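Visitor: Protein chains in written order, with the numbering used here: chain A, 3 to 320; chain C, 3 to 320. All C-beta atoms in this analysis are idealised placements derived from N, C-alpha and C, irrespective of residue type, glycine included. All values derive from a computational prediction rather than experimental measurement. Quick one: structure below, then a few questions.
2 protein chains.
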Amino acid sequence: MTQAERKPDASARAGALTRPIHGVWSPTLVPVHEDFSIDVERFIAHARWLLAQGCHGLALFGTTSEANSFSLQERMALLEAALAAGIDPDRLMVGTGCCALTDSERLTRHAVDNGCKMVLMLPPFYYKGVSDRGLYRSYAQVIDRVGDDELRVLFYHFPRLSGVPITVGLIELLLADYPSVIAGLKDSSGDWSNTADLIERFPEMCIFPGSERYLLDGLRHGGAGCITATANVNPSGARGVWDAWASGSNDLEARNDRMIQVRTAIEAYPPIPAQKFLIARHRNDPAWRRVRPPLLDLDDRQGAELLESLAKLDFTLD
Amino acid sequence: MTQAERKPDASARAGALTRPIHGVWSPTLVPVHEDFSIDVERFIAHARWLLAQGCHGLALFGTTSEANSFSLQERMALLEAALAAGIDPDRLMVGTGCCALTDSERLTRHAVDNGCKMVLMLPPFYYKGVSDRGLYRSYAQVIDRVGDDELRVLFYHFPRLSGVPITVGLIELLLADYPSVIAGLKDSSGDWSNTADLIERFPEMCIFPGSERYLLDGLRHGGAGCITATANVNPSGARGVWDAWASGSNDLEARNDRMIQVRTAIEAYPPIPAQKFLIARHRNDPAWRRVRPPLLDLDDRQGAELLESLAKLDFTLD
């Protein structure tokens with residue numbers, strides 16, 4: 003039994019609540035117009051709704067935002083629009099990790115210059131099998147070039163899509179040289195044993211499972227919350243689990259089970275098209291269904307099946 | 003035995019020589035300064051040397067160019083500098099396939115507007131497991147948006163790095179709708195049976211193995227030549243095989259064997275750092291060794307081993 007596993011709930015609770023970055027974060031879907039350009043107005047309405055539904059913050063420009071399908075200009079313009087609309091920069095975590103060093107540098111500087119100090123960084127993901135030293139150099143170059151003491155970097159570990167894992171060795175190298183900058187990690191591996199290992203090894207970091215499936219397990223082991231795509235369609239479900247855990251409520255397990263059932267139903271389908279489909283349905287707004295190539299909109303048959311399986315759970319969007 | 007295999011050498015020869023795009027193409031290494039910015043002067047000298055050594059053309063901004071490690075601005079500026087220096091646009095094949103539709107569109111338009119009509123396009127490579135229809139939509143959108151009748155698209159199939167294969171189904175979809183635009187494919191799978199299958203299925207396309215290892219096999223089956231990284235350090239070797247094949251020379255097999263031995267020695271090391279190391283050594287110019295993060299320069303021990311194995315082959319750069 004590890005130290006984290008022995009930790010009683012109450013102290014783990016205090017741990018997560020006092021972490022500098024914590025809670026239920028939603029990687030935010032980005033709606034697009036018919037020409038696949040970003041639909042800023044619908045985006046801002048959705049971002050506000052997610053925060054109103056209880057998300058502690060929004061991860062903008064991760065996988066769920068289709069971030070890599072948009073140009074740097076499109077990404078920077080959307081961030082500026084969100085801030086201009088009054089979204090609090092302290093409740094944003096901005097995805098800035100690109101294949102090109104100069105792109106990661108540019109997006110990271112743009113984020114911090116606009117008051118967004120938390121960035122969620124994919125490793126450069128074109129070359130595979132690169133060394134920890136090479137990846138170290140990529141992250142270190144961005145941190146040095148941006149040169150902002152308030153910058154906080156969270157690693158984005160999503161090996162199935164990036165093909166480039168964030169290893170323990172890489173984290174150690176960067177923590178040694180940038181202890182105040184390296185702040186956390188989103189673990190989208192779907193492998194709970196990896197998440198648990200990271201939480202135990204790096205107690206100074208805010209470790210977020212990439213799915214609400216492991217929100218509660220994570221909290222009990224010293225995790226910081228979760229950053230989960232399906233918070234786009236079930237934000238209050240995930241927030242409800244957080245609150246029940248934070249207050250020690252009796253309905254914690256029941257809430258957790260239900261939240262995981264909803265997640266399971268949704269993740270049987272391509273996640274981004276499925277969630278856009280659900281929002282389109284909920285808001286009676288077919289424009290929301292669109293995804294940018296290379297993704298495809300959820301087809302009608304899949305949509306009907308998904309609605310049926312959610313109806314069996316008696317689940318509707320709030 | 004397939005139709006291509008039955009084809010006698012002479013007619014295959016005529017086939018490759020009359021293809022609109024053919025020969026030995028070098029995906030060009032891109033040297034960088036100490037701050038990792040592109041070293042335009044060294045690049046242009048190298049590009050000229052490759053053409054003088056017999057390369058039919060240069061593939062600029064594929065994997066070997068570390069293309070995805072540079073921003074769009076850096077890529078466009080280098081192409082403009084190369085053209086301003088007098089590099090013939092008909093001898094350039096420009097890599098323009100990015101993760102973001104709008105980036106692929108921008109680079110492709112920039113290339114054709116600058117007279118470079120041949121583009122080598124990676125599929126959008128962040129999302130994995132995407133459908134042929136989704137990839138079709140990505141390529142079709144770029145072709146439609148650029149809207150230039152002279153545009154010629156070559157697919158860049160490199161599944162080990164992109165994680166997104168170019169399938170027969172995708173090629174069929176695009177050929178059906180854009181028969182004059184879809185011009186060819188570079189097969190960097192390293193799987194000769196895949197290359198042979200594509201040559202047989204798509205006789206209207208210019209199919210290039212991504213290694214000189216399959217140059218001769220390809221030519222004998224109806225391939226168009228090769229686009230091979232190691233042409234950066236052995237351009238005359240690959241061109242020599244092409245010429246021996248085109249003229250029906252007796253020393254064809256001996257030349258081919260030797261070229262493949264050199265390739266084998268080099269590919270035992272990380273290919274981009276190893277080739278930059280060899281050019282640095284050849285030109286007595288250590289600056290050439292640098293690669294951009296996340297890659298790492300070849301270390302001294304690897305460099306010494308590589309030189310030793312090439313010395314055993316009595317190989318030196320021309």
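Using C-beta distances below 6 Å, list every residue in its chain close to R21 of chain A, excluding the 5 sequence neighbours before and after it, in chain order.
Guide: Reading the first sequence from its first residue, position 19 is the one you call residue 21 of chain A. Contacts found: C208, A226.
Visitor: Along the stretch 44–70 of chain C, where does the CB come closer than 9 Å to a CB of chain A? Name the residues.
Guide: Under the 9 Å Cβ criterion, the stretch 44–70 of chain C contributes T65, E68, A69, N70.
Visitor: How about P33 of chain A and A289 of chain A: do their beta carbons lie closer than 9 Å?
Guide: For the purposes of this step, residue 33 of chain A is taken as residue 31 along the first sequence, with counting starting at 1. For the purposes of this step, residue 289 of chain A is taken as residue 287 along the first sequence, with counting starting at 1. Yes, the Cβ-Cβ distance between P33 of chain A and A289 of chain A is below 9 Å.
Visitor: For L221 of chain C, collect the residues of the same chain with a Cβ closer than 6 Å to its Cβ; drop the 5 residues on either side in sequence, then sort them by chain order.
Guide: For the purposes of this step, residue 221 of chain C is taken as the residue at position 219 of the second sequence. A18, W247.
Visitor: From which residue to which residue does the alpha helix (DSSP H) around K278 of chain A run?
Guide: Position 276 of the first sequence, counted from the start, is the residue given in the question as residue 278 of chain A. Per DSSP, K278 of chain A belongs to the alpha helix (DSSP H) from 273–284.
Visitor: When we look at the beta-carbon of P205 of chain A and count the other beta-carbons within 10 Å, is it buried (16 or more) or exposed?
Guide: Along the first sequence, read from residue 1 onward, the residue named residue 205 of chain A stands at position 203. Exposed, because fewer than 16 other Cβ atoms sit within 10 Å of the Cβ of P205 of chain A.
Visitor: State the Cα-Cα distance for the pair R241 of chain A and V26 of chain A, rounded to the nearest angstrom.
Guide: Within the first sequence, numbered from 1, the residue matching residue 241 of chain A stands at position 239. Within the first sequence, numbered from 1, the residue matching residue 26 of chain A stands at position 24. So the alpha carbons of these two residues sit roughly 6 Å apart.
Visitor: Give a yes or no on contact between the stretch 144–162 of chain C and the stretch 180–200 of chain C, applying the rule of three or more CB pairs nearer than 8 Å.
Guide: Yes: the two stretches touch, three or more of their Cβ pairs being nearer than 8 Å.
Visitor: Can you tell me whether N258 of chain C is buried or exposed, with buried defined as 16 or more other CB within 10 angstroms of its CB?
Guide: Numbered from its first residue, the second sequence carries residue 258 of chain C at position 256. Counting Cβ neighbours within 10 Å, N258 of chain C comes out buried, since at least 16 surround it.
Visitor: Applying the 10 Å Cβ sphere with the 16-neighbour rule, what's the burial state of L315 of chain C?
Guide: Residue numbering aside, residue 315 of chain C sits at position 313 when the second sequence is read from its first letter. Classification of L315 of chain C: exposed, given that the 10 Å Cβ count is below 16.
Visitor: Can you tell me whether DSSP reads D189 of chain A as helix, strand or coil?
Guide: The residue given as residue 189 of chain A occupies position 187 in the first sequence. Strand at D189 of chain A.
Visitor: Determine whether the Cβ of C228 of chain C lies closer than 9 Å to any Cβ atom of chain A.
Guide: Counted from its first residue, the second sequence places residue 228 of chain C at position 226. It does not: the Cβ of C228 of chain C has no partner Cβ on chain A nearer than 9 Å.
Visitor: Quick check: the stretch 84–92 of chain C against the stretch 124–141 of chain C, are there 3 or more CB pairs under 8 Å?
Guide: Taking 8 Å as the limit for Cβ pairs, the verdict is that the stretch 124–141 of chain C does not touch the stretch 84–92 of chain C.
Visitor: Around the Cβ of H24 of chain A, are there at least 16 other Cβ atoms within 10 angstroms (buried) or fewer (exposed)?
Guide: One-based indexing of the first sequence puts residue 24 of chain A at position 22. Per the 10 Å Cβ criterion, buried.
Visitor: Quick check on H260 of chain C: does DSSP put it in helix, strand or coil?
Guide: Numbered from its first residue, the second sequence carries residue 260 of chain C at position 258. The question names His, yet the displayed sequence has Arg at residue 260 of chain C. Correct three-state label for R260 of chain C: helix.
Visitor: For D134 of chain A, collect the residues of the same chain with a Cβ closer than 7 Å to its Cβ; drop the 5 residues on either side in sequence, then sort them by chain order.
Guide: Here the question's residue 134 of chain A lines up with position 132 in the first sequence. T169, G171, L172, L175, listed in sequence order.
Visitor: Give the single residue among A:I201, A:L62, A:T104, A:G186 whose Cα lies nearest to the Cα of D146 of chain A.
Guide: Here residue 146 of chain A refers to the residue found at position 144 of the first sequence. Minimum Cα distance to D146 of chain A is reached at A:T104.
Visitor: Run through the stretch 154–199 of chain C for me and flag every whole alpha helix (DSSP H) of 4 or more residues, listed as ranges in chain order.
Guide: Fully enclosed alpha helix (DSSP H) runs of 4 or longer: 161–164, 170–179.
Visitor: Comparing alpha-carbon positions, which option in C:S106, C:A102, C:L81, C:C100 lies nearest L94 of chain C?
Guide: For the purposes of this step, residue 94 of chain C is taken as residue 92 along the second sequence, with counting starting at 1. Considering only alpha carbons, the answer is C:L81.
Visitor: If you follow the alpha helix (DSSP H) that F45 of chain C is in, where does it begin and where does it stop?
Guide: Numbered from 1 along the second sequence, position 43 holds the residue referred to as residue 45 of chain C. Segment 42–54, the alpha helix (DSSP H) holding F45 of chain C.
Visitor: What residues in the stretch 90–106 of chain C have a beta carbon less than 7 Å from any beta carbon of chain A?
Guide: If the cut-off is 7 Å between Cβ atoms, the stretch 90–106 of chain C has C101, A102, L103, T104, D105 near chain A.
Visitor: Residues of chain C with CB under 7 Å from R135 of chain A, in chain order?
Guide: Counting from one through the first sequence, the residue named residue 135 of chain A turns up at place 133. In chain order: L298.
Visitor: Going by DSSP in three states, S249 of chain A sits in which element: helix, strand or coil?
Guide: As a working mapping, residue 249 of chain A is identified with position 247 in the first sequence. Note: S249 of chain A maps to helix in three-state DSSP.
Visitor: Using a C-beta cutoff of 9 Å, does R292 of chain C count as contacting chain A?
Guide: For the purposes of this step, residue 292 of chain C is taken as the residue at position 290 of the second sequence. Not closer than 9 Å to any Cβ of chain A, the Cβ of R292 of chain C fails to qualify, so no.
Visitor: In the DSSP assignment, find the unbroken alpha helix (DSSP H) run with S28 of chain C in it and report its ends.
Guide: Stepping through the second sequence from its first residue, residue 28 of chain C is reached at position 26. Taken as a continuous stretch (DSSP letters only), S28 of chain C belongs to no alpha helix (DSSP H), being part of the beta strand (DSSP E) at 25–29.
Visitor: Just the Cα atoms here: how many angstroms apart are I40 of chain C and K130 of chain A?
Guide: Taking the second sequence and counting its residues from 1, one reaches residue 40 of chain C at position 38. Taking the first sequence and counting its residues from 1, one reaches residue 130 of chain A at position 128. Approximately 22 Å between the Cα atoms of the pair.
Visitor: Using a Cβ-Cβ distance cut-off of 9 Å, determine whether T20 of chain A contacts chain C.
Guide: Here residue 20 of chain A is taken as the residue at index 18 of the first sequence, counted from 1. Not an interface residue.
Visitor: For R108 of chain A, which residues of its own chain have a beta-carbon under 7 Å away from its beta-carbon, when the five flanking residues on both sides are left out?
Guide: Numbered from 1 along the first sequence, position 106 holds the residue referred to as residue 108 of chain A. Correct list, in chain order: L74.
Visitor: Rounding to the nearest angstrom, what Cα-Cα distance links E36 of chain A and R292 of chain A in this structure?
Guide: Your numbering for residue 36 of chain A matches position 34 in the first sequence. Your numbering for residue 292 of chain A matches position 290 in the first sequence. Those two C-alpha atoms are separated by around 8 Å.
Visitor: Label H284 of chain A either buried or exposed according to how many other C-beta atoms from any shown protein chain fall within 10 Å of its C-beta, with 16 as the threshold for buried.
Guide: The residue you call residue 284 of chain A lines up with position 282 of the first sequence. The residue in question, H284 of chain A, is exposed, as its Cβ has fewer than 16 Cβ neighbours within 10 Å.
Visitor: Show which residues of chain A have a CB atom less than 9 Å away from the CB atom of Y129 of chain C.
Guide: As a first step, residue 129 of chain C must be located in the second sequence, where it is residue number 127. Under the 9 Å cutoff, chain A gives T65, E68, N70, S71, L163, I274, P296, L297.
Visitor: In the DSSP assignment, find the beta strand (DSSP E) that holds I209 of chain C and state where it starts and stops.
Guide: If you number the second sequence from 1, residue 209 of chain C lands on position 207. It spans 208–211 - the beta strand (DSSP E) in which I209 of chain C sits, taken as one unbroken run.
Visitor: Could you check where the beta strand (DSSP E) with A313 of chain C kicks off and where it finishes?
Guide: Residue mapping note: residue 313 of chain C aligns to position 311 of the second sequence, counting from 1. Segment 302–314 is the alpha helix (DSSP H) holding A313 of chain C; no beta strand (DSSP E) there.
Visitor: Distance, Cα to Cα, R2 of chain C vs F317 of chain C?
Guide: Absent from the structure is residue 2 of chain C, since the part of chain C shown begins at 3 and ends at 320.
Visitor: Tell me whether the stretch 108–120 of chain A and the stretch 51–69 of chain C touch, counting them as touching only if at least three CB pairs, one residue from each stretch, are closer than 8 Å.
Guide: No contact exists between the stretch 108–120 of chain A and the stretch 51–69 of chain C.
Visitor: Under three-state DSSP, which class holds G97 of chain C?
Guide: As a working mapping, residue 97 of chain C is identified with position 95 in the second sequence. It is a strand residue.
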